[in-house]
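Below: one structure, written as C-alpha cells.
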Amino acid sequence: MYGYVIRRLLLAIPVLIGVSILVFAIIRFIPGDPARAIAGVHASPQYVEQVRREMLLDEGLHVQYFVYMSNLVQGDLGRSALTRRPVTVELMERFPNTLILSAAAMVIAITFGMSAGIVSATKRYSLFDNFSMLAALVGVAAPVFWLGIMFQLLFSVRLGWLPSGGIGTWQHVVLPALTLGLATTALIARITRSSMLDVLRQDYITTARSKGLVERVVIYKHSLKNALIPVVTVMGLQFGTLLGGAVLTETVFSWPGIGRLMVDSILNRDYPVVQGAVLLLAVFFVLINLVVDVIYAYLDPRISYGTKEVD
Amino acid sequence: MKKWLIGFLVLSLLAGFAIVGCEEPVDDPVDEPVDDPVDEPEEVAHPFEDVRVRQALNYAVDKEAIIETIFQGVGSPSSAPIVPAIFGYTEVGPYEYNPERAMELLEEAGFGDGFEIELYHPTGRYPQDDTVTEAVQAMLAEIGVTANLTTYDWGTYLETVLVPPEMAEHDAFMLGWGTVTLDADYGTYALFHSTQWPTAEVWYNNASYYANPEVDDLLAEARVTPDRDIREGLYEQAIEMIWEDAPWLFLHNEGQVNAVRSNVEGLIHHPLENILAWDARIVDEDEQDLIIAIGAEAESLDPLKMTSAPAATVAEHMVENLVYLAPDGSLEPALATSWEPDEDGTSWILELREGVTFHDGEPFNAEAVKYNLDRFLAKGDFEGQDEAAYAFLLEEVEEIEVVDEYTIKLHLEGEFAPIISHLSHSFIGMHSPAALEELEGEEIVEAPVGTGAFKYVSWDRGEQIVMERNDDYWGDVPELDTVTFKFVPEGSSRVVMIETGEAHAIMAVPPTEIERLDGEDDIDIVFEDSVRVIYIGFNLQPQ
Chain A
189 MYGYVIRRLL LAIPVLIGVS ILVFAIIRFI PGDPARAIAG VHASPQYVEQ VRREMLLDEG
249 LHVQYFVYMS NLVQGDLGRS ALTRRPVTVE LMERFPNTLI LSAAAMVIAI TFGMSAGIVS
309 ATKRYSLFDN FSMLAALVGV AAPVFWLGIM FQLLFSVRLG WLPSGGIGTW QHVVLPALTL
369 GLATTALIAR ITRSSMLDVL RQDYITTARS KGLVERVVIY KHSLKNALIP VVTVMGLQFG
429 TLLGGAVLTE TVFSWPGIGR LMVDSILNRD YPVVQGAVLL LAVFFVLINL VVDVIYAYLD
489 PRISYGTKEV D
Chain B
34 MKKWLIGFLV LSLLAGFAIV GCEEPVDDPV DEPVDDPVDE PEEVAHPFED VRVRQALNYA
94 VDKEAIIETI FQGVGSPSSA PIVPAIFGYT EVGPYEYNPE RAMELLEEAG FGDGFEIELY
154 HPTGRYPQDD TVTEAVQAML AEIGVTANLT TYDWGTYLET VLVPPEMAEH DAFMLGWGTV
214 TLDADYGTYA LFHSTQWPTA EVWYNNASYY ANPEVDDLLA EARVTPDRDI REGLYEQAIE
274 MIWEDAPWLF LHNEGQVNAV RSNVEGLIHH PLENILAWDA RIVDEDEQDL IIAIGAEAES
334 LDPLKMTSAP AATVAEHMVE NLVYLAPDGS LEPALATSWE PDEDGTSWIL ELREGVTFHD
394 GEPFNAEAVK YNLDRFLAKG DFEGQDEAAY AFLLEEVEEI EVVDEYTIKL HLEGEFAPII
454 SHLSHSFIGM HSPAALEELE GEEIVEAPVG TGAFKYVSWD RGEQIVMERN DDYWGDVPEL
514 DTVTFKFVPE GSSRVVMIET GEAHAIMAVP PTEIERLDGE DDIDIVFEDS VRVIYIGFNL
574 QPQ
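Quick look at the structure:
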C-alpha cells in the first residue's frame with residue numbers, strides 16, 4: 189500500500205513537469221503583448237520596455253523556460269509582473285480561501301447529494317424520487333452566476349439572514365458554498381441513484397434479502413459501499429473542478445480565491461501568477477486522484493494495487 | 034425582452050423610416066468644408082480621405098439614442114474631443130443626429146451608393162463596448178455604409194490598432210481616452226499631433242494618423258505657454274479645427290454612477306473616477322466606520338507601479354500630492370503652498386507647506402520631495418533603477434533641486450506649461466523617505482506612509498484595504514474613525530451591498546440597476562462625468 193502511494197507520487201513528477209511545460213507554452217500562445225497589458229494604456233514606451241525586460245520577454249522562449257524551471261526547482265515561482273509581489277505569497281494568501289470554499293461546497297454536495305440519491309434509489313419512481321431528480325436536473329442546469337445573485341437577493345436583501353459577500357465568519361461561507369455546491373450536489377445525487385439501482389439488482393443483494401436481513405442493513409451495509417465507487421470517482425473529479433472552477437462564485441460573492449486571481453492574471457497576461465496557480469492546482473489534482481484511488485481499495489477489497497501481500 | 038432593446042429596435046425602425054421618407058433631394062445649401070481639397074474624388078480614393086464622408090458618419094450616428102438605450106441615460110454625447118471637466122475644453126458639438134444631412138454629404142463626396150469598411154473594436158474593455166459598436170453598425174447601415182465588425186480581447190487589441198499606417202488592416206477602430214491629467218495637453222497632443230503616430234516600435238496614440246500643420250502648431254505652442262488664459266485660447270482654436278476635420282466618429286463621454294446611503298454626508302465624487310471620504314461623516318451612527326465598495330482592486334500602492342483609478346482612489350486618502358486637483362478642475366495647494374515659473378519658463382519654484390509630518394513622525398520637507406520625485410523618475414540616487422509606470426507625466430523634468438528646507442526647484446528640459454497639472458496626478462504622492470529606505474531588493478510599497486488624512490491599517494488581498502483617521506493631520510482632521518475600501522468585482526453584488534447596508538457607498542452602479550436603486554428612499558444616486566471619451570477613429574492613411 190505504501191509502496192503504491194510512493195510509486196504514484198513519483199509518477200506525479202513527470203505529470204507535473206508536463207503541466208509546467210504546457211502552461212508555460214499555452215499562455216505564451218495567447219496573442220497580446222503582456223508588457224503592454226501590464227503597463228496599461230497610458231504607459232510610456234520606456235516603461236513598456238522596462239516591463240518587457242523584467243519579464244524576460246526580449247529573451248528567447250528557451251531562456252525564459254530555463255530561468256523559470258531553475259527557479260521553480262528552488263521553490264521560487266517568481267514575482268507577479270503586475271503587483272511585483274512574490275507569486276508564492278499571492279498564492280498562499282488566496283489558496284486557503286479557495287480550499288475552504290471548495291471543501292464547504294463538497295460537504296454540502298456529499299451530504300445532500302448522497303442522501304437524495306439513496307432515498308431516490310430505494311424509493312424508485314416515488315414522489316420524492318421524481319421531485320429530487322427534477323430538482324437535480326435544475327441544479328445541474330442553473331447557471332452559477334444567476335443562482336448566486338438569486339441567493340443574495342433572497343437571503344441578504346429580503347431576509348437579511350446572511351452577508352451578501354466577503355469573507356470572515358462562517359456566515360460568509362454559506363451562500364457561496366451553496367451556490368458552488370449545488371451543481372455538484374445534483375450530479376452526486378444522480379450518480380448515487382443510478383449506481384445504487386445498479387447494485388440493488390446484483391445477485392448478492394438478492395441473497396442478502398433472502399437471508400432475511402433487515403432492509404436497512406441491506407441498503408447501508410451491502411449496497412451503499414459497493415455503489416460508492418463511481419460516486420467517489422465523481423467526487424474526486426468534482427473537487428478538482430471546484431478548486432479551479434470557482435471563478436464565477438468567487439466573483440459574485442467577492443471571495444478572494446485563486447480562481448479570480450487566475451482569471452485576472454490571464455486577462456493581464458501576468459505569466460508568473462498564471463503559471464504558479466495552474467501548477468498549484470495540478471499538484472492538488474494529482475493528490476486528490478491519489479486519495480480517490482486509495483479509497484477504492486477500502487470500498488472494494490477486490491481492487492488491489494499490485495502488491496503481493498494483498499490476497 | 035429588455036426595455037432598452039425594444040427602444041433600440043423602435044429607434045432603428047424610426048431611423049429607417051426617416052431615411053425612406055426623405056429621398057427627394059433637399060435644396061438647403063450645404064457648407065462646403067473649406068479645408069477639403071478634393072472636389073471630385075478619384076475612383077481609387079478611400080472614402081475616409083474625404084472630410085465630408087467623415088462628417089457624414091458623425092451625423093449618421095444617434096449618440097443620444099445610444100446613451101438612452103444602452104447606458105440608461107448615463108453619459109453624454111461628445112461635444113469636443115475632450116470632456117467638459119478638462120482645462121482647455123471648448124464646446125463645439127455634438128454632431129446632431131441627422132441622417133439626411135449624412136446622405137447629402139455622402140452623395141456630394143461621390144459615395145451616395147455607400148461603401149464597406151472594416152471596423153475593429155475591443156470587447157469587455159469599455160462599458161458595453163460591443164453593444165455600442167453593433168448599434169453604430171446598424172446606424173451606419175441606414176446610410177448605406179456596411180461596417181464589418183472584428184472583435185478582439187483587450188490584450189490583443191492595442192497591438193492590432195496601434196500600428197504604423199502600412200500595417201493597419203482596419204478602416205476604423207473603437208477606442209477610449211481618459212485625460213487623466215485634467216489638462217487638454219494630454220487629451221489632444223497625444224491623440225492629434227502628427228508626431229504621435231504609432232510606429233512599429235512605439236505605440237503612440239494618434240492611431241487615426243491625423244495630421245494638420247495648423248493644429249500641430251497650436252498644440253505645440255499651448256504646451257509651452259505658461260499663461261492659462263492664452264493656453265485656453267489656443268486649445269479652443271485647435272479643438273474647433275479637429276472637430277471640423279472629424280478624424281474620429283465622436284461618440285460619447287462616459288458617465289459614472291455612484292450610490293450613497295442617504296445618512297452619509299460629505300463624500301466627494303471626483304471626475305477622475307475617485308470617491309474621496311476625508312470630509313465625510315455618517316449622520317446617525319455612533320461608529321464612524323465608512324465602507325465603500327469599488328469594482329477593482331488596487332494593483333499597487335507604490336507610485337512606481339500604480340496604473341489604475343482604484344489605486345489612485347485608495348492611495349489619495351493616505352498619501353498626498355504637492356498640488357491637489359479639485360473636482361472642478363482647479364489646482365489647489367496641498368503639500369506645496371505656491372508655485373511659479375521663472376522668467377523663461379524652463380524651471381518652476383515650489384514653496385512647501387511647513388510643519389507637516391509623515392505618519393511615521395518623519396518631517397516633510399524639500400529633501401523628502403526630492404527623494405520621492407527622484408525615485409519616481411529614476412534620477413539622482415535612483416539613477417539606473419526602474420522608473421515609475423507614469424514617469425512620462427514628468428518626463429520634461431531634468432533635475433530636482435533643493436533650494437532650502439521648504440523650497441524646491443524643478444528644472445525642465447524646455448518650457449512645459451502643464452507641469453503643475455501633472456504634479457497633481459494621484460500617482461505622484463509623497464511617501465516618507467524613511468519608510469521607502471526600508472524596502473529591500475525588489476520590494477515595493479505595500480503599506481504606504483504618507484501625510485494624508487488617513488493612516489494605513491491593513492490590506493487583505495482580494496478583499497479590502499482598511500485605514501484609520503490621522504489625528505495629527507495638518508488640515509481638518511476627518512470625523513470618520515476608519516475608511517474601508519472593499520473590492521467587489523460584480524456590479525450587482527455591489528448593489529446588493531448598498532441595499533443591505535453592508536456598504537455606505539458603491540462605485541459604478543450598473544446601468545440596468547439605476548432605476549431600481551433610485552426608487553429606494555435611503556439610497557441616493559450620484560451622476561458624475563468621467564474624464565474618458567469613447568470614439569471610433571478613422572484610418573486617415575488607408576493603404
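Order-wise, the sequence lines are chains A and B.
Under the working numbering, the first residue of the first sequence carries the number 189, and numbering increases by one thereafter.
Under the working numbering, the first residue of the second sequence carries the number 34, and numbering increases by one thereafter.
Note that the Cβ used here is the ideal one computed from N, Cα and C, for glycine as well.
Model, not experiment: these values are computed from the prediction.
Pull up the distance between the alpha-carbon of V559(B) and that of E306(B), whole angstroms please. Numbered from its first residue, the second sequence carries residue 559(B) at position 526. Numbered from its first residue, the second sequence carries residue 306(B) at position 273. Spanning the two alpha carbons is a distance of roughly 12 Å.
So, with DSSP's three-state summary, where would you put T286(A)? On the first sequence, residue 286(A) is found 98 positions in, with the first residue counted as 1. Residue state, collapsed to three classes: helix.
P351(A) touches chain B at which residues, Cβ-Cβ below 7 Å? What you label residue 351(A) is simply residue 163 of the first sequence in a count that begins at 1. Neighbours of P351(A) on chain B, chain order: E535.
Rounded to whole angstroms, what's the CA-CA distance from G428(A) to I214(A)? Just pull it up for me. As a working mapping, residue 428(A) is identified with position 240 in the first sequence. As a working mapping, residue 214(A) is identified with position 26 in the first sequence. Between G428(A) and I214(A), the C-alpha separation is close to 20 Å.
Take every Cβ of the stretch 548-568 of chain B, pair it with every Cβ of the stretch 115-131 of chain B, and state whether three or more of those distances are shorter than 8 Å. yes
Please compile the residues from chain A whose C-beta is within a distance smaller than 8 Å of the C-beta of T258(B). Stepping through the second sequence from its first residue, residue 258(B) is reached at position 225. Within 8 Å Cβ-Cβ: nothing; T258(B) doesn't reach chain A, min ~23 Å.
By the criterion of Cβ-Cβ separation under 8 Å, what are the contact partners of W236(B) in chain A? Your numbering for residue 236(B) matches position 203 in the second sequence. R224, P233, V236, listed in chain order.
How is the alpha helix (DSSP H) around R502(B) delimited, first residue to last? Translated into the one-based positions of the second sequence, residue 502(B) becomes position 469. Premise fails: R502(B) lies in the beta strand (DSSP E), 497-502, not in any alpha helix (DSSP H).
Cα-Cα, which of P543(B), S241(B), Y190(B), V235(B) is closest to F225(B)? Position 192 of the second sequence, counted from the first residue, corresponds to residue 225(B). Out of P543(B), S241(B), Y190(B), V235(B), S241(B) has the C-alpha closest to the C-alpha of F225(B).
Indicate whether S454(B) and D216(B) have their beta-carbon atoms separated by less than 8 Å. As a working note, residue 454(B) is residue 421 in the second sequence. As a working note, residue 216(B) is residue 183 in the second sequence. Their beta carbons are under 8 Å apart, which means S454(B) touches D216(B) by this criterion.
Quick one: list the residues of chain A neighbouring I477(B), beta-carbon separation under 7 Å, in chain order. Within the second sequence, numbered from 1, the residue matching residue 477(B) stands at position 444. Ordered by position in chain A, the residues that pass the 7 Å Cβ test against I477(B) are R272.
Uninterrupted alpha helix (DSSP H) stretches inside the stretch 180-251 of chain B (no shorter than 4 residues): Listed in chain order, the complete alpha helix (DSSP H) runs (minimum 4 residues) inside the stretch 180-251 of chain B are 187-194, 217-225.
Quick check: the Cα distance between D146(B) and A171(B), rounded to an integer number of angstroms? Against the second sequence, residue 146(B) aligns to sequence position 113. Against the second sequence, residue 171(B) aligns to sequence position 138. Taking the straight line from one Cα to the other gives about 17 Å.
Can you name the residues of chain A whose CB is closer than 8 Å to the CB of V213(B)? Locating residue 213(B) in the second sequence gives position 180, where the first residue counts as 1. Ordered by position in chain A, the residues that pass the 8 Å Cβ test against V213(B) are H230.
Where DSSP assigns a beta bridge to I324(B), which residues make up the other side? Numbered from 1 along the second sequence, position 291 holds the residue referred to as residue 324(B). DSSP lists T517(B) as partners of I324(B).
Tell me the start and end of each unbroken beta strand (DSSP E) in the stretch 83-159 of chain B that is at least 3 residues and wholly inside, in chain order. 148-156
Closer than 8 Å between beta carbons: that is the criterion. Which residues of the stretch 519-543 of chain B meet it against chain A? Correct list: K519, F520, V521, P522, E523, S525, S526, V529, M530, E532, T533, E535.
Name the DSSP beta bridge partners of R314(B), please? Indexing the second sequence from 1 puts residue 314(B) at position 281. Answer is E298(B), bridged to R314(B).
Using 8 Å for Cβ pairs, my map puts N238(B) next to A223(B). What's the rounded Cβ distance? Counting from one through the second sequence, the residue named residue 238(B) turns up at place 205. Counting from one through the second sequence, the residue named residue 223(B) turns up at place 190. The Cβ separation is near 5 Å, so the contact holds.
Count the other CB atoms within 10 Å of the CB of S258(A); is the residue buried (16 or more) or exposed (fewer)? Here residue 258(A) refers to the residue found at position 70 of the first sequence. When all chains shown are included, S258(A) counts as exposed.
Can you name, in chain order, every residue of its own chain whose Cβ lies under 7 Å from the Cβ of A468(B), other than the five neighbours on each side? Translated into positions along the second sequence, residue 468(B) becomes position 435. If we look at A468(B) and ignore the five residues flanking it on each side, its Cβ neighbours are D393, V482.
Any non-hydrogen atom of the ligand MG within 7 Å of V169(B) CB: The model on display carries no ligand, and the ligand MG is accordingly not part of it.
If you measure from the beta carbon of V345(A) to each beta carbon in chain B, is any gap under 8 Å? Start at 1 with the first residue of the first sequence, and residue 345(A) comes out as number 157. Answer yes: the Cβ-Cβ gap between V345(A) and chain B drops below 8 Å somewhere.
For H285(B), which residues does DSSP report across the bridge? Here residue 285(B) is taken as the residue at index 252 of the second sequence, counted from 1. DSSP lists P110(B), I567(B) as partners of H285(B).
Is the CB of V260(A) under 8 Å away from at least one CB in chain B? Here the question's residue 260(A) lines up with position 72 in the first sequence. The amino acid at residue 260(A) is misidentified as Val; the sequence shows Leu. No, because no Cβ of chain B sits closer than 8 Å to the Cβ of L260(A).
Backbone secondary structure at D262(B) - three-state DSSP: Residue mapping note: residue 262(B) aligns to position 229 of the second sequence, counting from 1. Residue state, collapsed to three classes: helix.
Beta-carbon contacts of V255(A) that lie in its chain and below 7 Å, excluding the five residues immediately before and after: Working through the first sequence from its first residue, we reach residue 255(A) at position 67. Result list for V255(A): L244, in chain order.
Same chain, Cβ closer than 7 Å to V196(B), five either side skipped, listed in chain order: Reading the second sequence from its first residue, position 163 is the one you call residue 196(B). If we look at V196(B) and ignore the five residues flanking it on each side, its Cβ neighbours are P231.
When we look at the beta-carbon of W187(B) and count the other beta-carbons within 10 Å, is it buried (16 or more) or exposed? As a working note, residue 187(B) is residue 154 in the second sequence. Buried, since its Cβ has 16 or more Cβ neighbours within 10 Å.
Taking Cβ-Cβ distances shorter than 7 Å, what residues in chain A pair up with A422(B)? The residue labelled residue 422(B) in the question sits at position 389 within the second sequence. In chain order: A227, G228, A231, Y235.
Taking Cβ to Cβ, would you say L478(A) is nearer than 8 Å to I306(A)? For the purposes of this step, residue 478(A) is taken as residue 290 along the first sequence, with counting starting at 1. For the purposes of this step, residue 306(A) is taken as residue 118 along the first sequence, with counting starting at 1. Cβ atoms of L478(A) and I306(A): not closer than 8 Å.
Can you name the residues of chain A whose CB is closer than 8 Å to the CB of R494(B)? Here the question's residue 494(B) lines up with position 461 in the second sequence. Chain A residues near R494(B): E278, E281, R282, P444.
Let's see if you can read the secondary structure: which residues bound the beta strand (DSSP E) around D493(B)? Counting from 1 along the second sequence, the entry for residue 493(B) is found at position 460. First-last of the beta strand (DSSP E) with D493(B): 487-493.
Inter-residue Cα distance where the pair is Y357(B) and P366(B): Position 324 of the second sequence, counting from 1, holds the residue named residue 357(B). Position 333 of the second sequence, counting from 1, holds the residue named residue 366(B). Answer to the nearest angstrom: the Cα atoms are 6 Å apart.
DSSP on D64(B), reduced to helix/strand/coil? As a working note, residue 64(B) is residue 31 in the second sequence. Residue placement at D64(B) cannot be trusted, given a pLDDT of 45 that sits under 50; what the coordinates show is reported in the next sentence. In this structure, D64(B) counts as coil in the three-state DSSP scheme.
On a CA-only basis, which of K412(B), V194(B), Y423(B), P451(B) is nearest M207(B)? Give me that one, please. As a position in the second sequence, residue 207(B) is number 174, starting the count at 1. Among K412(B), V194(B), Y423(B), P451(B), the Cα nearest to that of M207(B) belongs to V194(B).
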